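Working notes, beginning with the structure itself.
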Amino acid sequence: MVGRVRRGRRQAVPELVLLAERPVRELLPGSGDERAEASGVLALDGQLLVIFDDSTAIAIIDEDLSRTATNRVVFPEPKLARDDFAGAGYEDIARDPDSGRIYLLVESVRRGQRLLPRVEIIEADFHRHSQSFLDFAVESDNKGMEGLTCVSRAGELTLVALCEGNRCRGGREGERPGGGRLQLFRPAADTCEHLATVRLPSRVPFIDYSSLAVDGDRIAVLSQQSSALWVGAFRPGSWEFADHGTCYDLPREGDGRIQYGTAEGVSWLADDRLAIVSDRAPRNALRWRTKHRSVHIFALP
Numbered sequence: 014m015v016g017r018v019r020r021g022r023r024q025a026v027p028e029l030v031l032l033a034e035r036p037v038r039e040l041l042p043g044s045g046d047e048r049a050e051a052s053g054v055l056a057l058d059g060q061l062l063v064i065f066d067d068s069t070a071i072a073i074i075d076e077d078l079s080r081t082a083t084n085r086v087v088f089p090e091p092k093l094a095r096d097d098f099a100g101a102g103y104e105d106i107a108r109d110p111d112s113g114r115i116y117l118l119v120e121s122v123r124r125g126q127r128l129l130p131r132v133e134i135i136e137a138d139f140h141r142h143s144q145s146f147l148d149f150a151v152e153s154d155n156k157g158m159e160g161l162t163c164v165s166r167a168g169e170l171t172l173v174a175l176c177e178g179n180r181c182r183g184g185r186e187g188e189r190p191g192g193g194r195l196q197l198f199r200p201a202a203d204t205c206e207h208l209a210t211v212r213l214p215s216r217v218p219f220i221d222y223s224s225l226a227v228d229g230d231r232i233a234v235l236s237q238q239s240s241a242l243w244v245g246a247f248r249p250g251s252w253e254f255a256d257h258g259t260c261y262d263l264p265r266e267g268d269g270r271i272q273y274g275t276a277e278g279v280s281w282l283a284d285d286r287l288a289i290v291s292d293r294a295p296r297n298a299l300r301w302r303t304k305h306r307s308v309h310i311f312a313l314p
């Protein structure tokens, strides 16, 4: 399949090819949850684990969006009191491929004089195991870490977190493209040690960053404000990129305007397919509401 190419003042950018999409509320019939502000997704054994930034629920959804019979919602046990977590939900979801444990990212939590991201760790049966802070101070409680993935190399696990703003900054500096940053951490019981900063190629033209997914040496990075996806590759066994990678737009409207304006989470399904989930559209962007609060399956063109 070949995606449409949008042309304008900047270089032509290929578009992802839409294969299927459906609102979360239709995928979870009878759940009674109308919020569905999806923020992260993890593909696992033919299912999609979807998390929300307005809830501590985890939705388990069949990868085939036409089927709903086995879809359900679970809550990690024991449930947390509201004072035990920042905000109302999670920003991203990742899985340790060796232990099967699931990591849930909280964007930022005040600890002493610093704002630190936090991960909550649950077992494969959704019982809570522990929690830990990421030793990387962020500027504000709504401009912290937005993406998280787990990478296991030679039996050693690394947590790879994605800053929301360019150069891990907020404000105008954070929206100046060319400064995408990954932060690497070693898992630990209380505070995960910061190991290194990895710079995305400066040619990645994103205004912000909302999620990432790694499969082998391949990496996908999603931007909400740019409504676009970058696909790159690490050199085998290293954190260096093999080349500048490729940018793809999420499908645009006929006049070139953004229609997927709330894309929040991404996960690889296959070498050429990805799942993306979308958050609630703001009130001043009604045109995005036909695509928001949904699960979308895309193919690379």
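Mapping of the sequence shown onto my numbering: residues 14 to 314, in sequence order. Glycine included, each C-beta is placed from N, C-alpha and C at the ideal position. Keep in mind that this is a model prediction, so the values were computed, not measured.
Its chain contains no residue whose beta carbon lies nearer than 6 Å to that of proline 91 once the 5 sequence neighbours on both sides are disregarded. Residue environment: glutamate 177 is assigned as buried (16 or more neighbouring CB atoms within 10 Å of its CB, all protein chains considered).
In terms of CA proximity to alanine 288, Val279 leads the group Ala294, Val279 and Pro295. Runs of beta strand (DSSP E) with 3 or more residues, each lying fully within the stretch 204 to 280, are found at 204 to 212, 224 to 228, 231 to 236, 241 to 246 and 259 to 262, listed in chain order. The beta carbon of histidine 140 sits closer than 6 Å to those of Glu90, all from its chain and outside the five residues before and after it, given in chain order. If you check the CB distance, phenylalanine 65 and alanine 82 do not come in under 7 Å. The Cβ neighbour count for arginine 199, taken over all protein chains shown within 10 Å, is under 16; the residue is labelled exposed. Assignment of beta strand (DSSP E) within the stretch 165 to 205, counting only whole runs of 3 or more residues, yields 169 to 176 and 194 to 199 in chain order. Within the stretch 90 to 147, the runs of beta strand (DSSP E) that reach at least 3 residues and sit entirely inside it are, in chain order, 105 to 108, 115 to 124, 127 to 135 and 141 to 147. Here DSSP, grouped into helix, strand and coil, assigns valine 151 to coil. The stretch 131 to 140 and the stretch 206 to 219 do not touch, with fewer than three beta-carbon pairs separated by less than 8 Å.
Rounded to whole angstroms, arginine 300 and arginine 306 show a C-alpha spacing of 13 Å.
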